[in-house]
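Below is one structure; the comments refer to it alone.
Listed below in structure tokens is the structure:
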């Protein structure tokens, strides 16, 4: 499984990096929308929306929200980031509230009740703000494309560090009710890897040396929130009684399995970068 996982990563990663560095922001956001909406489709399945027509209606509604955000951001003076920034803040607030849901993991587990409503709302609050944050990071001149790469590199490094450290040294369970395989040692390994990777990528994005401590601090927060996103998807899978959100990516499961941490990390990174001024 590790070999298959590595091969899949070696195929996907160069494509993602090339898209971030070479595509203009509108095309980057369009490509990201396709990926995020594929993950959202799997989110609908985890919420046990069994009717295919119903899932398509929900998907089209989310596409309409994305289009509305972009359309409403246009003006005769140019493109305004205000709505993307507002959506990003909403996303950060949602992921803070998601911690409360993780504290009470049985909430929403009975799909015979109105649990689907809460999970569908959570899907919108996860996907739309993450997509808005991606656009906000990428569009900013002169090195937004490099900062987006830095943000995703932090998440990728944290995920890889947590996987290998947890597998070889993991002893203490991080959240046994939600995700029995995740460990405190894996979390620490992920944090260390994410912070370490953030520094060279920040320099690549033209950050000053004096800004590196702030970058490391933001990377620390970004990694922690990526773990929240990962845990929340694990909670959805536990409620649905499945191991993976899908089977599209060999060794990795579904699309949502690959972007769960990204959905939570991007709003935090974008907001932190904006507030810290680099």
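In my numbering, the protein residues as written are 58 to 335. For each residue, glycine too, the CB sits at the ideal point set by N, CA and C. From a predicted model like this one, the values you see are computed outputs, not experimental measurements.
Residue ranges of uninterrupted alpha helix (DSSP H) with 4 or more members, entirely inside the region 78–114 and ordered along the chain, are 82–103. Fewer than three pairs of CB atoms, one per stretch, sit closer than 8 Å, so the region 157–177 makes no contact with the region 210–220. The beta strand (DSSP E) runs of length 3 or more contained entirely in the region 209–277 are, from start to end of the chain, 230–232, 236–240. Taking C-beta atoms as the reference points, residue 182 and residue 158 fail to come closer than 8 Å. Beta bridge pairing from DSSP links residue 131 with 136.
Under the three-state reduction of DSSP, residue 331 is assigned to helix. In the structure shown, residue 301 adopts coil according to DSSP, grouped into three states. Within 10 angstroms of the beta-carbon of residue 290 lie 16 or more other beta-carbons, which makes it buried. Only residues of its own chain outside the window of five on either side were considered, and among them 262, 263 have a CB closer than 8 Å to the CB of residue 200, listed in chain order. Under the three-state reduction of DSSP output, residue 291 falls in the helix class. In the DSSP annotation of this structure, residue 163 is not part of any alpha helix (DSSP H), being labelled neither H nor E. The Cβ-Cβ distance between residue 76 and residue 85 falls below 8 Å. Minimum Cα-Cα distance from residue 329 among the listed residues 287, 113, 149 corresponds to 149.
Rounded to whole angstroms, residue 203 and residue 258 show a C-alpha spacing of 8 Å. Residue 322 is a Cβ neighbour of residue 286, given a cutoff of 8 Å.
Secondary structure at residue 169: coil, using DSSP grouped into helix, strand and coil. Listed in chain order, the non-local C-beta contacts of residue 254 below 7 Å within the same chain comprise 210, 211, 214, local neighbours out to five positions each way being set aside.
Nearest C-alpha to residue 283 among 223, 326, 236: 326. Rounded to whole angstroms, the gap between the alpha carbons of residue 83 and residue 198 is 14 Å.
Distance between residue 126 and residue 281, taken at the CA atoms: about 28 Å. Excluding five sequence positions before and after residue 184, the CB atoms of its chain that fall closer than 8 Å to its own CB belong to 93, 94, 96, 97, 100, 119, 320, given in chain order.
The three-state secondary structure of residue 199, taken from DSSP, is coil. DSSP, reduced to helix, strand and coil, places residue 311 outside both helices and strands of the structure shown, so it counts as coil. In this structure, the straight-line span from the alpha carbon of residue 229 to that of residue 132 is close to 53 Å. By the Cβ neighbour-count rule, residue 128 is exposed, with fewer than 16 other Cβ atoms within 10 Å of its own. Distance from the CA atom of residue 168 to the CA atom of residue 153, rounded to whole angstroms, is 24 Å.
By the Cβ-count criterion, residue 166 is exposed, with fewer than 16 other Cβ atoms from all chains shown falling within 10 Å of its own Cβ. Between residue 277 and residue 248, the beta carbon gap of about 6 Å places them in contact (Cβ cut-off 8 Å). In the assembly as shown, residue 104 is a buried residue. Its beta-carbon has 16 or more other beta-carbons within 10 Å.
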